[in-house]
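First the structure, in the form of C-alpha cells, and then the observations on it.
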Amino acid sequence: MSIRPLPQETIRLLSSSVKLTNPCDVLKELVDNAIDAEATSIDVVVSANTLDKIVVRGNGHGIPLEDLDLLGRRGHTSKLRSFEELQHKGGETLGFRGDALASVNSIATVVITTKTSGEPVATRIQLRHGIGGVVDRKPVSGPVGTTVQASELFKAIPARRHLLLHGTQKTFSGMRDLLSAYVIARPRLRVSLKVAGHDSSFFSYAPSGAGSVREAALQLFGKALVANCTPISLHHEASGFALDALLPSRDCDVKALKGKAFHVSVDRRPLSPSGELPKLLYKQLKSHISRSLATTNLPTLFMQLNITCPRGSYDPNVSSLKDEVLFANQQEVLELFEELCQAVYGIKESSDGEEGRTDAASQAPVSSSPDSDGGNQSLDDLAPLDDCDVLQMFEDMERAEMLDHLDEEAKAGGTSTNAQTDTAESPKETDTRLIVDAPSAKETSVKVRTVFRVDMSRNDSNATDDAALADMVDVTLPAELPKQTSCDSSSAQSRRRGDIRRYFQKNSDREFQIACDETAAGPATVEAESPHRVNWIYGENSLSLTLTDISYIGGIKSISVQMIHPD
1 MSIRPLPQET
11 IRLLSSSVKL
21 TNPCDVLKEL
31 VDNAIDAEAT
41 SIDVVVSANT
51 LDKIVVRGNG
61 HGIPLEDLDL
71 LGRRGHTSKL
81 RSFEELQHKG
91 GETLGFRGDA
101 LASVNSIATV
111 VITTKTSGEP
121 VATRIQLRHG
131 IGGVVDRKPV
141 SGPVGTTVQA
151 SELFKAIPAR
161 RHLLLHGTQK
171 TFSGMRDLLS
181 AYVIARPRLR
191 VSLKVAGHDS
201 SFFSYAPSGA
211 GSVREAALQL
221 FGKALVANCT
231 PISLHHEASG
241 FALDALLPSR
251 DCDVKALKGK
261 AFHVSVDRRP
271 LSPSGELPKL
281 LYKQLKSHIS
291 RSLATTNLPT
301 LFMQLNITCP
311 RGSYDPNVSS
321 LKDEVLFANQ
331 QEVLELFEEL
341 CQAVYGIKES
351 SDGEEGRTDA
361 ASQAPVSSSP
371 DSDGGNQSLD
381 DLAPLDDCDV
391 LQMFEDMERA
401 EMLDHLDEEA
411 KAGGTSTNAQ
421 TDTAESPKET
431 DTRLIVDAPS
441 AKETSVKVRT
451 VFRVDMSRND
461 SNATDDAALA
471 DMVDVTLPAE
481 LPKQTSCDSS
491 SAQSRRRGDI
501 RRYFQKNSDR
511 EFQIACDETA
521 AGPATVEAES
531 PHRVNWIYGE
541 NSLSLTLTDI
551 SYIGGIKSIS
561 VQMIHPD
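Taking the UniProt record's numbering as reference, the numbering of the sequence shown is continuous, increasing by one, and the terminal residue is 567.
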C-alpha cells in the first residue's frame, strides 16, 4: 500500500481520541478552562450513562463576542503567545496549548453559552464539529460566565462507546475523585456534580468562608480523618519553594485514613497519583509512618501536599492531560519534603544504624486538632454534631493550632527548641521555616450571592435554576466569628458525651397540672398534700387522687391516677 495523506477529519479524530480516552478526561479539560476563566463556582451535570451529555457551568469572566468564532480551533488560545513563555505559565494557568476544546469538539457535539459583564444578554453558539468556529448563534438569557455542553461523546468510535457504557459506575467514581482532587488543591472553589434527572447532588463541596484544606478534607472525608492529620508548612527562602501539607499524625489511626488516596499538587495544579513525583513523595511518607507505627503492612493512606514553586522551576508540558510536571531539580523537592516529614514524625536513622526519635518534631510548631473539650475521646465515639458543635469545632481547631506547640514547650520545661524561633534568631544559619497553617489576618474576603435568575429558555431539564450561577460580590468579613450566644456550651458538651438515654432523664422540678372537662368548665382548686397525693376540689365536691405511677416518655411525664371518692 502506497503512502497517502490522511483526511483532516481522520487526523483530528485519531489525535483527540488518544488525548481524551473517557468522559473523565473531557470533564477535566472543561474544568481546567473554567478555573482559568477565574470561576469560583463550577456546576457539573452529567447524563446517567455519562456519554449522552456533560455540562460544565462556571461563573468566570465569560468569552468576548469577538473571540467566539475562534473557539474549538486547534492551536488557538488566549493563554500563550510563544513557546518561550511556557516555562512561566505552569503556575498561572492550567491550560496553555489551545488544544482541549478542539479535542472535545472532535469527539462530541459542543454547544457554548457565554456572557461577559459588559454584555446585556448571553450568547449561545454551536461549534462546527471537528473544525471549530461558529455554525449557529443566538442570544439567550443567562448569567455572567460560560456553560459548555458536550453531547454524544465518542459517537464516531462505537467500540469505545460500547465499552464505556458498561463502565458507568467506574466513570462516576472517577469523576468524583477528579473533583475531589481539585477541591483539595483549591479549597476556595465551590463544586457540585449532579446526574441529569436527579434532584440531589452526586458530589458537592461549598467552603463556609475563605476555604482551607482542612475544611475541604472535613467535608469530603469526615471528621475522623481530620482528627488524625497534622497541618504543617515549610518555606525555603533560598530556593523559593513552599510546601503546605496535611499529613497523617505521628500516632494516627490507620483505619481513619485508609483508602482516601494521596493528593499532590504543584502551584495548585492537581497531579496524577500515578505520576513519578507523587509516587516518590508518598514512598517517603510511608517510610516515616511505618517507622512511627512500627509496622510495614500499611494500606494507601490519605495525604495532601501542595508545592508552590519559583517561576521556571518545572516543565508543565509533559502529559496530554497536563497532570504531570518535570522539575529541573527534583531531588531538591524530595529533600524539602523529607525535612517536612522529619518535623512531623521526628524519626531518622542514627549513626549506629538503629532507629531513634529526634527532637525535630519539637523544633517545628506542628499541632493536630484536639477535641474541643480538651480530652482524648475519639471522634468516632462522639454523638453526631449539630450546627453549633461544628462551628465550635472549627473555632477550637484554629485556636489549638496556634497554641499547641507552646503547650508542648511548657510541658518539657522549656527545654525544647522551636524551629521558627531559631530561624528568627539566627537567619544566617538557615533559611528554612516550618510554620503552622493558621489564619494570620483579622479579616477575610468571600464571595456572596446577591441575585438569583431563572433561565426561561431552558428546555433540556425540568430541574430548578438553583444551580444557575448568579452575580457574586466581594464582602469583607471578620476572620473569626463571634461566639454564638444561642449555643449553650455546657449543653453542647452534654450532647456530645451522652447517648439516646439523655432524652429520658427525670426532671423533678418540672411542674404539671391535671385537667379535665370540669376543671375547664368551672372554678376549681387543686391542693397537694404530698408529692404523690393530690386533693381536687370542685364546688362542694372533692376527690382525692393518688398518683400510682409516673413514667417519662421523651422527657414528658405520663401519670396514672387512682380516684378515691370521699364517702
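Backbone N, C-alpha and C define an ideal beta-carbon position, used for all residues, glycine too.
With a CB to CB cut of under 6 Å and the five nearest residues on each side skipped, what residues in its chain are close to residue i?
i: serine 212; result: Pro187
i: glycine 72; result: Leu101, Ala102, Asn105, Leu127, Gly132
i: aspartate 136; result: Gln126
i: serine 180; result: Leu220
i: serine 16; result: Ser103, Ser106, Ile107
i: phenylalanine 203; result: Arg176, Leu179, Leu193
i: glycine 197; result: none
Between residue i and chain D, is any beta-carbon pair separated by less than 8 Å?
i: leucine 13; result: Going by chain labels, chain D is absent from the structure shown, which holds only one protein chain.
Closer than 8 Å by C-beta to residue i: which residues in its own chain qualify, once you throw out the five before and the five after it? Chain order, please.
i: serine 530; result: With a pLDDT of 49 at serine 530, under the threshold of 50, the modelled position of that residue is not reliable, and the figure given next carries that caveat. Excluding residues within five positions, none has a Cβ falling inside 8 Å.
i: glycine 414; result: Confidence at glycine 414 is low in this model, with a pLDDT of 46, below 50, so its placement is unreliable and the value that follows should be read with caution. Correct list: empty, nothing qualifies.
i: lysine 19; result: Asp25, Asp99, Ser103, Ser320, Leu321
i: aspartate 323; result: Lys28, Arg269, Pro270, Leu271, Ser272, Gly275
Got a sec? Which residues, its chain only, sit under 7 Å from residue i by beta carbon, not counting five neighbours each side?
i: aspartate 267; result: Gly90, Gly91, Thr308, Cys309
i: tyrosine 205; result: Val183, Arg190, Val191, Ala216, Gln219, Leu220
i: asparagine 22; result: Leu164, Thr171
i: phenylalanine 154; result: Leu51, Ile107, Arg160, Arg161, Leu164
i: leucine 298; result: Val254, Lys286, Ile289, Ser290
i: proline 7; result: none
i: leucine 336; result: Leu234, His236, Phe241, Leu243
i: threonine 296; result: Ser290
i: arginine 12; result: Ser106, Gly130
i: proline 273; result: Ala261, Phe262
i: asparagine 228; result: Pro248, Ser249, Cys252, Asp253, Ala256, Leu257
i: glycine 174; result: Cys24
Could you tell me if residue i is buried or exposed, where buried requires 16 or more neighbouring beta carbons within 10 angstroms of its beta carbon?
i: aspartate 36; result: buried
i: lysine 115; result: buried
i: isoleucine 54; result: buried
i: glutamine 304; result: buried
i: proline 158; result: exposed
i: histidine 166; result: exposed
i: threonine 113; result: buried
i: methionine 1; result: exposed
i: proline 5; result: exposed
i: glutamate 9; result: exposed
i: alanine 39; result: buried
i: asparagine 59; result: buried
i: serine 41; result: buried
i: isoleucine 3; result: exposed
i: alanine 185; result: buried
i: aspartate 199; result: exposed
i: glutamate 85; result: exposed
i: alanine 34; result: buried
For my contact list, residue i and residue j are in at a C-beta cut-off of 8 Å; report their separation, rounded to the angstrom.
i: alanine 156; j: valine 104; result: Actually they are not in contact, since the Cβ atoms of alanine 156 and valine 104 sit about 13 Å apart, beyond 8 Å.
i: valine 264; j: leucine 281; result: 6 Å
i: histidine 76; j: leucine 70; result: 5 Å
i: serine 117; j: valine 140; result: The Cβ separation is near 17 Å, so there is no contact.
i: aspartate 25; j: leucine 321; result: 6 Å
i: leucine 340; j: isoleucine 232; result: 6 Å
i: threonine 300; j: glycine 259; result: 7 Å
Rank the options by C-alpha distance to the C-alpha of residue i and give the top, closest one.
i: residue 571; options: His166, Thr123, Met1; result: Nothing can be reported for residue 571: it is not among the residues displayed for the chain, which extend from 1 to 567.
i: arginine 214; options: Ser208, Phe203, Val226; result: Val226
i: lysine 29; options: Leu178, Leu65, Ala261; result: The sequence shown places glutamate at residue 29, rather than the lysine named in the question. Nearest of Leu178, Leu65, Ala261 to glutamate 29, Cα basis: Leu178.
i: asparagine 306; options: Gln331, Ser320, Leu271; result: Leu271
i: alanine 343; options: His61, Arg311, Leu285; result: Leu285
i: glycine 346; options: Asp251, Lys322, Ser15; result: Asp251
i: arginine 57; options: Val111, Met1, Pro299; result: Val111
i: proline 120; options: Gly60, Val195, Leu301, Leu65; result: Leu65
i: arginine 269; options: Lys223, Cys341, Asp32; result: Asp32
i: alanine 256; options: Lys322, Thr10, Cys341, Phe302; result: Phe302
i: glutamine 331; options: Glu276, Asp323, Leu293, Gly259; result: Glu276
i: residue 627; options: Arg311, Ser320, Glu338; result: Shown here, the chain extends from 1 to 567; a query on residue 627 therefore has no answer.
i: glutamine 169; options: Val195, Ser208, Glu152; result: Val195
i: lysine 283; options: Pro207, Glu338, Glu85, Arg74; result: Glu338
i: glycine 142; options: Ser201, Val134, Gly62; result: Gly62
Using a threshold of 7 Å, is the CB atom of residue i nearer than that to any non-hydrogen atom of the ligand ATP?
i: aspartate 69; result: Absence of the ligand ATP is noted for the structure shown, with no ligands found whatsoever.
Query raised in the report: Would you call the region 84-92 and the region 305-316 in contact, with 3 or more CB pairs under 8 Å?
Result: yes
Query raised in the report: Would the region 241-261 and the region 288-308 be scored as touching if the rule is three or more Cβ pairs under 8 Å?
Result: yes
Requested in this report: Take every Cβ of the region 129-136, pair it with every Cβ of the region 42-51, and state whether three or more of those distances are shorter than 8 Å.
Outcome: no
Report task. May I ask you to verify whether the region 93-103 touches the region 74-81, counting CB pairs closer than 8 Å and requiring at least 3? Result -> yes
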